[in-house]
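Undergrad: This is the structure I want to talk about, given as structure tokens.
Residue numbers (the numbering used here): -8 to 101.
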């Protein structure tokens, strides 16, 4: 699966599923046998711990201001997040941020 296809797949997930995806990628463990809630919590924790770095990377980046929750937007934001994450996790994190709305991370972004 290429990056575009993966971005499209991730866009089909809801926010909890995206948190679970991110948590599973970061832990290196696939979710199974009730591990989805642990993976979601891992994803939530990652965003909480890295909020300041995310704001530094995303909020001040002019390219981020016009991104939409589509495959192109996910790919651009994943590239920006590459400083913090490897590609699979960056795609999941980018999709989550765009689906929630960048204004939640960056109050000055419409």
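For each residue, glycine too, the CB sits at the ideal point set by N, CA and C.
Predicted model, so just to flag it, every value in this text is computed and none were measured.
Is DSSP giving residue 28 helix, strand or coil here?
TA: In the chain shown, residue 28 corresponds to position 37, counting from 1. Of the three classes helix, strand and coil, the one that applies to residue 28 here is helix, per DSSP.
Undergrad: Would you say residue -5 and residue 66 are within 8 Å of each other, going by their C-beta atoms?
TA: The residue you call residue -5 lines up with position 4 of the chain shown. The residue you call residue 66 lines up with position 75 of the chain shown. Result yes, Cβ atoms of residue -5 and residue 66 sit closer than 8 Å.
Undergrad: Mind reading off the beta-carbon distance from residue 10 to residue 80? Whole number of angstroms is fine, and I expect it under 8 Å.
TA: Here residue 10 refers to the residue found at position 19 when the chain shown is read from its first residue. Here residue 80 refers to the residue found at position 89 when the chain shown is read from its first residue. Residue 10 to residue 80, Cβ: 12 Å. No contact.
Undergrad: DSSP on residue 75, reduced to helix/strand/coil?
TA: Within the chain shown, numbered from 1, the residue matching residue 75 stands at position 84. Three-state result, residue 75: coil.
Undergrad: Should residue 54 be labelled buried (16 or more other beta-carbon atoms within 10 Å of its own) or exposed?
TA: Indexing the chain shown from 1 puts residue 54 at position 63. Classified as exposed, residue 54 has fewer than 16 neighbouring CB atoms from the shown chains inside 10 Å of its CB.
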